[in-house]
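Here's the structure we're looking at; comments come further down.
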Amino acid sequence: MSKFAELTLDGKTYQLPVIVGTEGEHAIDITKLRDMTGYITLDTGYKNTGSTTSAVTFLDGEQGILHYRGYPIEQLAEKSTFLEVAYLLIHGELPTKEQFEVFERGIRRRTLVNEDMRKIFDGFPVNAHPMGVMAALASALATFYPGAIDPNLDPDAINLRIARLIAKMPTLAAWAYKNSNGHPVNYPQNKFNYIENFLYMMFSLPVEEYTPDPVVVDALDKLLILHADHEQNCSASTVRLVGSSQVSLYSAVSGGISSLWGPLHGGANQEVLEMLEAIHQDGGNVDKFIEKAKDKNSGFRLMGFGHRVYKNFDPRAKIIKVACDNVLNKLGVNDPLLEIAKKLEERALNDPYFVEKKLYPNVDFYSGIIYKAIGIPTNMFTVMFALGRLPGWIAQWLEMRTDKQPIGRPRQIYTGHTKRDYVPMEQR
Ligand code: MLT
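Numbering-wise (the numbering used here), the sequence shown opens with residue 96 and increments by one.
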């Protein structure tokens, strides 16, 4: 039986349909509100407003639940691989062996980047932040593959664009890193798998001397799985809104990269390491900073703790904590920042102040530690987040375009000057 919400305005009562999602989420459908009442709703930051229905990812912040296409993140992190999860998010089902081989081969064969695109790196300043490079080059892909600006959704053409993007992002990311060091780039070696190839391109060993470390490869694969999608987060919503104008997938993803660059979104893991470095530079007294975090007037905030959506714990953090311990133990890393991190973690998990305020270590806390332990520099942390989130952005974009959703065009409530006449400059 249909359910309605009743709204009484100016003495008139309206019925607004209620929709219920497959996980029991309820929404009041206001699609026709303005036509019916002349009113719009206002919800700055969209904290209470759904921008779309979606079948890609379900998360429950109160219960700490995260499902990709119905599969619990815990099972995918344990049993799947990043490229298999990418297929699942994009195509909606786990691939058969043959489907996966076609998908993986299509990516493995497209890891090279046009040499004219490689020359663009020479135009960036040597200290260019890799996220700025990635945002520019992701959109530039549409100039090297102009067919991508065709708004038609021919499945083969779309799958080719998706394969190119997933294949080339790690190459561009590694090259952005090499460029920031003034180092020559490493070209992809397609005998390696997706993660191995990225690590090879990043850490410039002669290919004959490069032996992938399975513990590191596994930890990175898990990290990318955990970051693969997160429903309508800021960057995914950006990809949907930019993509709704029917610009190319590459340019829509470029918008997502720019959004993720922000310190309030993907930049959080970089902020974690900068916090650890500040504590280390100050003498490494963790207790001192724990007390500062409790003092609202101190201006010090613990980065990498708590989450705006997960109210009790971040399911991704519980998984990556195990991989973090494995990597640190395997690599035998003795790094003062990592020692500080483990003391912070221990305090946050046991101090009543942090427990009551749900300030538990989140996925950004542990991801930054793993990246540092394997030698990835701080300014590449958000790039790692972007590599992980890429299939989620693609899945959200594809769903929005396949559903033939209209161009996004939110309304507003105007609060500026009412009509007034122009005054010549000599009279002002
Ligand atoms: C994410 O994974 O995108 C972050 O946790 C932020 C969010 O979901 O809003």
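Built from N, CA and C at the ideal position, the CB exists for glycine as well.
Check: Under 7 Å: does the beta carbon of Val-404 sit that close to some heavy atom of the ligand MLT?; Outcome: yes
Check: Which of helix, strand or coil does DSSP assign to Val-428?; Outcome: coil
Check: Would you give the residue range spanned by the alpha helix (DSSP H) that Glu-118 belongs to?; Outcome: Counting along the chain, Glu-118 falls outside any alpha helix (DSSP H), and DSSP gives it neither H nor E.
Check: Ordered along the chain, which non-local residues of its own chain (more than five positions away) have a Cβ less than 7 Å from that of Glu-291?; Outcome: Pro-307 and Val-312
Check: Mind checking Asn-274: buried by the 16 CB within 10 Å criterion, or exposed?; Outcome: buried
Check: For Leu-336, collect the residues of the same chain with a Cβ closer than 7 Å to its Cβ; drop the 5 residues on either side in sequence, then sort them by chain order.; Outcome: Gly-503
Check: Let me check understanding here. Comparing Cα to Cα, which of Asn-222, Ala-262, Leu-178 and Leu-189 lies closest to Leu-207?; Outcome: Ala-262
Check: Quick check: the stretch 472 to 488 against the stretch 423 to 433, are at least 3 beta-carbon pairs closer than 8 Å?; Outcome: no
Check: Assign Ile-402 to one of two classes, buried (16 or more other C-beta atoms within 10 Å of its C-beta) or exposed (fewer than that).; Outcome: Rather than Ile, the amino acid found at residue 402 in this sequence is His. Buried is the call here.
Check: How many angstroms separate the CA atom of Asp-130 from the CA atom of Ser-146?; Outcome: 18 Å
Check: Okay, do the stretch 445 to 464 and the stretch 147 to 156 touch, 3+ Cβ pairs below 8 Å being the bar?; Outcome: no
Check: Cα separation between Met-226 and Gly-350?; Outcome: 11 Å
Check: How long is the line joining the alpha carbons of Arg-200 and Glu-193, rounded to whole angstroms?; Outcome: 10 Å
Check: Over what stretch of residues does the alpha helix (DSSP H) that includes Asp-211 continue unbroken?; Outcome: 210 to 215
Check: Looking only at C-alpha atoms, which of Glu-494, Ala-331, Lys-317 and Phe-216 sits nearest to Ile-596?; Outcome: With the chain covering 96 to 523 only, the question about residue 596 has no answer from this structure.
Check: Pull up the distance between the alpha-carbon of Tyr-282 and that of Glu-303, whole angstroms please.; Outcome: 14 Å
Check: Classify Gln-158 as helix, strand or coil using the three-state DSSP reduction.; Outcome: coil
Check: Considering only the alpha carbon of each residue, which of Ile-202, Glu-179 and Leu-344 lies closest to Pro-246?; Outcome: Leu-344
Check: When you get a sec, list the residues whose CB is within less than 5 Å of any heavy atom of the ligand MLT, chain order please.; Outcome: His-325 and Asn-328
Check: Would a C-beta distance cut-off of 8 Å place Ser-354 and Ser-330 closer than the cut-off?; Outcome: yes
Check: Where Arg-396 and Gly-487 are concerned, what is the direct C-alpha to C-alpha distance, given to the nearest angstrom?; Outcome: 29 Å
Check: Hey, quick one: how far does the beta strand (DSSP E) through Gly-98 stretch, first residue to last?; Outcome: Residue 98 is actually Lys in this sequence, not Gly. Segment 98 to 104, the beta strand (DSSP E) holding Lys-98.
Check: Can Ala-323 and Arg-484 be called in contact, C-beta distance under 8 Å?; Outcome: yes
Check: Under DSSP, the alpha helix (DSSP H) around Leu-189 begins and ends at which residues?; Outcome: Neither: Leu-189 is in no alpha helix (DSSP H) and is coded neither H nor E.
Check: Indicate the three-state DSSP secondary structure (helix, strand or coil) for Tyr-461 in the structure shown.; Outcome: helix
Check: May I have the straight-line CA-CA distance separating Ala-271 from Gly-277, to the nearest angstrom?; Outcome: 10 Å
Check: If you draw a straight line from the C-alpha of Leu-359 to the C-alpha of Asn-328, how long is it?; Outcome: 11 Å
Check: How about Leu-189 and Glu-179: do their beta carbons lie closer than 8 Å?; Outcome: yes
Check: Let me check one thing: in DSSP terms, what residues is Lys-416 bridge-paired to?; Outcome: Paired residue(s): none; Lys-416 is not in a bridge.
Check: Could you tell me the boundaries of the alpha helix (DSSP H) in which Ala-363 lies?; Outcome: 363 to 376
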